[in-house]
Amino acid sequence: MPQLLKLIAQRIALGVLLLLAVSVLIFMGTEILPGDVAQSILGQSATPEALANLRRDLGLNEPAVKRYFSWLWGLLHGDLGTALTNGADIASSIGSRLFNTMFLASVAALVSVPLALVLGMLAVRYRNRWPDKLISGSTLAFISLPEFFIGYLLIYFVAVKLGWFPSVATVYDSMSFTERLSAVALPATTLTLVVLAHMMRMTRAAILNVMQSAYIETAELKGLSALKIIFRHAFPNAIAPIVNVVMLNLAYLIVGVVVVEVIFVYPGMGQYLVDHVSKRDVPVVQACGLVFAAFYIFLNMAADIISIISNPRLRHPK
Amino acid sequence: MEADTALLQVRNLQIGATVYPPDAKPHDIEIVQGVSFDLPKGRVLGLIGESGAGKSTIGLASLAYGRGGVRITGGEVLLNGHNILESGKKAIRGVRGSQVCYVAQSAAAAFNPAHRLMDQVIEAAREHSGESKAVLTQRAVALFESLGLPDPQSIGDRYPHQVSGGQLQRIMTAMALCSEPDLIVFDEPTTALDVTTQIDVLAAIRNAIKQTGVAALYISHDLAVVAQIADEMMVLRNGLVVEHGTTQQIIESPAQDYTRALVNVRAIEHPQATDTQKPLLEVNHITASYPGSPEPVLRDVSVQLQPGHTLAVVGESGSGKSTLARVITGLLAPSQGSVEFNGTPLSADLAGRTRDDLRQLQMIYQMADVAMNPRQTVRTIIGRPLTFYFGLRGKDKSKRIHELLESIELGPEYADRYPAELSGGQKQRVCIARALAAKPQLIICDEVTSALDPLIADGILKLLLNLQQREQVAYLFVTHDIATVRAIADSIAVMYQGQVVRYGPKSEVLSPPFDDYTDLLLSSVPEMQVGWLDNVIANRRMESAGH
Amino acid sequence: MFYRIPLSACLGLLITALFLIAAVFAPWLAPYGLTEIVGGVWEPMSSTFLLGTDNLGRDLLSRMIYGARTTIFIAAMATLLSFTLGSVLGLLAAVIGGWFDQLLSRFVDLLMSIPTLIFALVVLSVLPGNLITLILVMGILDSTRVYRLARSVAVDINVMDFVEAARLRGEGRWWVVFREILPNALSPLVAELGLRFIFQVLFLSALSFLGLGIQPPEADWGGMVKENKDGIIFGIPAALIPAAAISILAISVNLIADWILNRTTDLKGGRSGS
Chain A
258 MPQLLKLIAQ RIALGVLLLL AVSVLIFMGT EILPGDVAQS ILGQSATPEA LANLRRDLGL
318 NEPAVKRYFS WLWGLLHGDL GTALTNGADI ASSIGSRLFN TMFLASVAAL VSVPLALVLG
378 MLAVRYRNRW PDKLISGSTL AFISLPEFFI GYLLIYFVAV KLGWFPSVAT VYDSMSFTER
438 LSAVALPATT LTLVVLAHMM RMTRAAILNV MQSAYIETAE LKGLSALKII FRHAFPNAIA
498 PIVNVVMLNL AYLIVGVVVV EVIFVYPGMG QYLVDHVSKR DVPVVQACGL VFAAFYIFLN
558 MAADIISIIS NPRLRHPK
Chain B
864 MEADTALLQV RNLQIGATVY PPDAKPHDIE IVQGVSFDLP KGRVLGLIGE SGAGKSTIGL
924 ASLAYGRGGV RITGGEVLLN GHNILESGKK AIRGVRGSQV CYVAQSAAAA FNPAHRLMDQ
984 VIEAAREHSG ESKAVLTQRA VALFESLGLP DPQSIGDRYP HQVSGGQLQR IMTAMALCSE
1044 PDLIVFDEPT TALDVTTQID VLAAIRNAIK QTGVAALYIS HDLAVVAQIA DEMMVLRNGL
1104 VVEHGTTQQI IESPAQDYTR ALVNVRAIEH PQATDTQKPL LEVNHITASY PGSPEPVLRD
1164 VSVQLQPGHT LAVVGESGSG KSTLARVITG LLAPSQGSVE FNGTPLSADL AGRTRDDLRQ
1224 LQMIYQMADV AMNPRQTVRT IIGRPLTFYF GLRGKDKSKR IHELLESIEL GPEYADRYPA
1284 ELSGGQKQRV CIARALAAKP QLIICDEVTS ALDPLIADGI LKLLLNLQQR EQVAYLFVTH
1344 DIATVRAIAD SIAVMYQGQV VRYGPKSEVL SPPFDDYTDL LLSSVPEMQV GWLDNVIANR
1404 RMESAGH
Chain C
347 MFYRIPLSAC LGLLITALFL IAAVFAPWLA PYGLTEIVGG VWEPMSSTFL LGTDNLGRDL
407 LSRMIYGART TIFIAAMATL LSFTLGSVLG LLAAVIGGWF DQLLSRFVDL LMSIPTLIFA
467 LVVLSVLPGN LITLILVMGI LDSTRVYRLA RSVAVDINVM DFVEAARLRG EGRWWVVFRE
527 ILPNALSPLV AELGLRFIFQ VLFLSALSFL GLGIQPPEAD WGGMVKENKD GIIFGIPAAL
587 IPAAAISILA ISVNLIADWI LNRTTDLKGG RSGS
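Residue numbers (the numbering used here), protein chains in the order written: chain A, 258 to 575; chain B, 864 to 1410; chain C, 347 to 620.
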């Protein structure tokens, strides 16, 4: 047990370290690269005096290291700074948008994860027969489709031609849960379709790997029923790889969400980030980038920790 | 059913599979063609054969099971008079784990890593007999005890990765016995074990069979092992029965040439060379450990090798014998000691050795298929050392390649084949040719015959001996197999836990008085003789009683 | 050794070839100019405008053909960069090992802990928006994936006995990398080349769709989706055409990559004699 705790603690420490390193990287990416924030804001035609003034106001004359630490210090206190474009507090702008994004991603995850697992198991059950071939074939097609193709196809046919759901996913605070659900139906479907095929294929591979182990043959030669073999012998060993699959795809969802929010004009983090990238509003971009990266790192860390916990060799050391 | 009906009757069994070669249409092949035998209650039948003989397939067929794409295409398997091949799925489930149980070659892989051993041992019995967990647990503990497992009360609480390979193999036997079946199929249960562990597991299995009176199919490629356990033997080759008889008859008066060859395997005679010259290789007080671990793998190892002679380095897994080979080749720098070649010290690491040092010292590996680049033809594989060391090109190189192929008994047409198009024995021959191409004075052979079937291995050993006579090359033979050592060595170093425990000319090392470990090692090697196991066990009891 | 090319791969090759021809011969094939306004806004498909017109009344087919050129050119350049950078560094890391490998691998871990699209957005928010920047950002960020694959394939091969045998023979690093490791690593890498190209096409399209890739009036397919997306809610499918073209190109290349990948596994496992 202590060995297990140590491994988990190590993994968490690594996650924190990674997040810190990522914050450095994001800061460097926006501050030290050949572009200049002040120049970006004011454009090529800005006068040198205006540039100098803005630089002083933004604190750009301070050394980069000092600026990084004051930025980091702010982050640790929940202060994400203020937007250059409208002077709004970034933390409060992110708040409601983060909730919207989480809502959309959760709906997509709640649909896609169980669906992918069931379909993946079906593919294993009917291995090398038509359901399996259909799944392999559709994977190939779906990983080649850009999010906006799926999204606009849905808008064109389901929203415009059939009129079942709104084409623009508008949400506001006073919406009821079902109204909200109806609003995100199409974006959530798009996200589901984007990750589904991939998740299915990975689930199939993970289960197949377990089902081909010698201990499954042993269970079969004990005369156990198919159900008992799957639940007692395959399942405990398949948890870790499947959780891994799910986590990796949730991480993938986070990226997909950016484009999908733009397609459906959904007021979430992705839309917010893209808007401010075009406006070259660096503090907002930094904050959003860090939030996305934090989720991504957290999901990968969670996947690793679950596979550490579910490994009997680590749970019961020699 | 009458009382004298055999427990298991196999009639004209046909087993096939579909293969999918990449450059041809999928087609069916026959793995077993018309095998028949009877196995009465309480008897043990040994199934013998080389890889591809179909012995495991027949064993699994008696559980109505086909591994991978294998299908039983014809014949009958009657268990207590019922043809289980025609039973429904549910009836077959009722047979497996209840009337017939299976013990696999690798227990380490066959146990589920996620469950405690006890739960797995009693699982089949619980499924089929309906007896309580407490009763079955008690039965399992009794079986653990009779199989000589340590801590029989608590060993079941452990997980598979917490016990050793030999113990797992015994626990798997207990798992089979726990259902109190009529028949157990043992599929090479001791093949993966070290020889000193094998003898204990073998004795435990044999006692368990005797005590419970269970019938067994014992599958192995090793005739000497089966001879200790089986009442009858059936020799198989390419899915056909070669010979079927009592163990006594098969061992002492085999009727078929193939059986005779199997019985006489490793009977190669090689007179021990004794003339002493200046040593070719001197290994002086080598101590070595792998990077990152403080524990030395080799401790103060010293051996010598005369030109044109063979030194066999024998030991079990973890004895450090392969590490010694790595130190001599320069792949691992020792922390202390030196290696001298022709009287001059060799650089400790590879980078410091001259091209001629490297040429003089060639190596042949255990797994020939990964020792050759799959993207190079035999011509490139053998030809590269010719160009690299001697600058041969064009006609001269071609001529030399053909000579080398001839010396390993392969025709010139093999020059343009890829490794994947060769058989296991042919691959190893090409590796030998690659080593010879450098005209070395010393070849290090690392378990070169371990991955091969016995008859093929014999062919390789004979070839090596012939080449030694012709080319006057010295061999350093790393092996775990005493029979190989007897066949080819001039001098022997026995290694145990990183140290040389016994070293000298073959005649001295292999004759008493022995040190404890060499005694244990030598007496554990199965001999081609009925009753050998009984004698060894009896002797060991007497000795331990005498102490 | 003769391999029949399966139907799916044939189809992939054929369609990819068509797109390539369109890209190379764009000025000769396109009926109208790239920025030429030739008709009304969002005119439907007709014999004059085979695919209709776009949001400014330009011929959509002509823009699609020029768009193929831009999309394929930039994706190919970025793939070339990511592939060369990733595979060279990956192979070197595997063969040299030690601190060189550690340093590179940890840095790649760090880069990969930020989602590629997010990192690209962060960087593009300060960099000037031109072709070179775009190719560099796309190529460098994606090279991390090629690096990981190349390194892991090479590490696997590097520990095999035949490589050790070459080292024991005294072969230099050049021979070991190019004659022993590379021929065995090539097939998975070539299949990966196809996948990376698809990823670059999709990546570029996503950036342009978000308004951060190719800037108007230049046309690439992702940008054309953005230009015409407002028509969708009025039932005008013009935006779907470039989106479909991206999908078809990606699927075609995928079919080819899949075929190469399958061929590779056949070669490795299929023909062993024992």
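For glycine and all other residues, C-beta sits at the position ideal for the given N, C-alpha and C.
No experiment lies behind these values; they were computed from the predicted model shown.
Looking from the CA of F1049/B, the closest CA among A1039/B, S961/B, D1057/B, R874/B belongs to A1039/B. For S593/C, same chain residues with a beta-carbon under 6 Å away, outside a window of 5 residues either side, do not exist. Across the set N494/A, A445/A, M526/A, the C-alpha of N494/A shows the shortest separation from the C-alpha of N466/A.
A Cβ-Cβ contact shorter than 7 Å links T936/B with G879/B. Using a C-beta cut-off of 8 Å, the region 514-531 of chain A makes contact with the region 351-360 of chain A, since at least three inter-stretch Cβ pairs fall below that distance.
Rounded to whole angstroms, the gap between the alpha carbons of V1202/B and M1358/B is 18 Å. Here I1345/B is actually not in contact with V1166/B; their C-beta atoms are around 18 Å apart, not less than 8 Å. For F1049/B, DSSP records a beta bridge to V966/B, Y1081/B. The Cβ neighbour count for S1374/B, taken over all protein chains shown within 10 Å, is under 16; the residue is labelled exposed. According to DSSP, residue pairing for R934/B in a beta bridge involves G879/B. Contact of L553/C with chain B by beta-carbon distance below 7 Å is absent, the smallest such distance being about 39 Å. A distance below 7 Å separates the beta carbons of P1023/B and P976/B. Taking the C-beta atoms as reference points, I606/C is found nearer than 7 Å to V536/C. Per DSSP, F1340/B is one residue of the beta strand (DSSP E) stretching across 1337-1342. Taking a C-beta cut-off of 8 Å against chain A, the contacting residues of the region 951-978 of chain B are I955, R956, G957, V958, R959, G960, S961, C964, Y965, A967, S969, A972, A973, F974, N975, P976, A977, H978, listed in chain order.
Less than 7 Å divides the Cβ of G398/C from the Cβ of P390/C. The three-state secondary structure of L1194/B, taken from DSSP, is coil. Taking 8 Å as the Cβ-Cβ cut-off, the region 405-435 of chain A approaches chain C at F405, F406, Y409, L410, I412, Y413, A416, V417, K418, S424, V425, given in chain order. Judged by DSSP secondary structure, S401/A falls outside any beta strand (DSSP E); it is assigned neither H nor E. Neighbours of T475/A in chain C, taken as residues whose beta carbon is under 7 Å from its own, are absent, since the nearest beta carbon is some 25 Å off. Among the CB atoms of chain C, one or more fall inside 7 Å of the CB of A1234/B. Against chain B, the beta carbon of H573/A has neighbours under 7 Å at Y1022, Q1025, listed in chain order. Taking 7 Å as the upper bound on Cβ-Cβ separation, chain C lies near residues L275, A278, V279, L282, I283, G286, T287 of the region 275-287 of chain A.
Pairwise C-beta distances place the region 1087-1106 of chain B out of contact with the region 1284-1298 of chain B, as fewer than three of them are shorter than 8 Å. By DSSP's assignment, I383/C forms a beta bridge with R404/C.
In chain order, V1202 place their CB closer than 6 Å to the CB of I1191/B, counting only its own chain and leaving out the 5 sequence neighbours on each side. Along the region 366-397 of chain A, going in chain order, the ones with a CB nearer than 8 Å to a CB of chain C are L397. In this structure L282/A is not in contact with L595/C, their Cβ atoms being roughly 32 Å apart against a cut-off of 8 Å.
Around the Cβ of P1197/B, a 10 Å sphere holds 16 or more other Cβ atoms; the residue is buried. Under DSSP, S1387/B shares a beta bridge with no residue.
Where T475/A is concerned, the enclosing alpha helix (DSSP H) starts and stops at 471-478. One alpha carbon belongs to I894/B, the other to P1015/B, and they sit about 41 Å apart. Apart from sequence neighbours up to five positions away, the residues of its chain that approach G1183/B with a beta-carbon distance below 7 Å are V1160, L1161, M1358, G1361, ordered along the chain. The three-state reading of DSSP puts Q1016/B in coil, since its state is none of H, G, I, E or B. It is roughly 41 Å from the alpha-carbon of R515/C to the alpha-carbon of S459/C. Nearest to L507/A by alpha-carbon distance, out of L547/A, I486/A, M468/A, L556/A, is L556/A.
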